[in-house]
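Enquirer: Got a structure for you, questions after.
Here you go:
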């Protein structure tokens, strides 16, 4: 499994270089992620509103707000989850972590 994750990370780094090399701050964009959070995690997130959220895994997002909103809403059936929509402003010029659009290859 470790080899697969390392290989995936290298591929994302390569795509990042191809897609975002030479970009400037004027190239910022917004991506969305809809998901469910446990009630406890949601309450913890509210306490840190306006703060930094970090992810310790690969993260799939979309430029389509409505699609991501549908993912958030799909959690309403479970009373233990709260549907949330994460809105992330991405500035390739400021990034310290590689990211890439895989729309053309997935």
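In the numbering used here, the protein residues as written are 43 to 148.
In this text, a Cβ means the ideal position worked out from N, Cα and C, and glycines have one as well.
What number of angstroms, rounded off, separates the C-alpha of residue 131 from the C-alpha of residue 43?
Expert: If you take the alpha carbons of residue 131 and residue 43, they lie about 31 Å apart.
Enquirer: Report the three-state DSSP secondary structure of residue 131 (helix, strand or coil).
Expert: Three-state DSSP puts residue 131 in a strand.
Enquirer: Going by C-alpha to C-alpha distance, which of 69, 78, 101 sits closest to residue 117?
Expert: Nearest C-alpha to residue 117: 78.
Enquirer: Whole angstroms is fine: what's the gap from residue 94's alpha carbon to residue 100's?
Expert: Their Cα atoms are separated by approximately 17 Å.
Enquirer: Taking residue 126 as the reference, which of 97, 90, 74 has the closest Cα?
Expert: Nearest of 97, 90, 74 to residue 126, Cα basis: 74.
Enquirer: Between 122, 145, 45, 138, which lies nearest to residue 84 when the distance is taken from Cα to Cα?
Expert: Looking at the Cα atoms, 122 is the closest of the given residues.
Enquirer: Is it the case that the Cβ atoms of residue 88 and residue 142 are separated by a distance below 8 Å?
Expert: Not closer than 8 Å, so no.
Enquirer: In the DSSP assignment, find the unbroken beta strand (DSSP E) run with residue 79 in it and report its ends.
Expert: Run containing residue 79: 71-80, per the beta strand (DSSP E) assignment.
Enquirer: Just how far apart, CA to CA, sit residue 81 and residue 115?
Expert: C-alpha separation (whole angstroms): 15 Å.
Enquirer: In terms of alpha-carbon separation, which member of 129, 71, 139, 57 lies closest to residue 108?
Expert: With distances taken between Cα atoms, residue 108 lies closest to 129.
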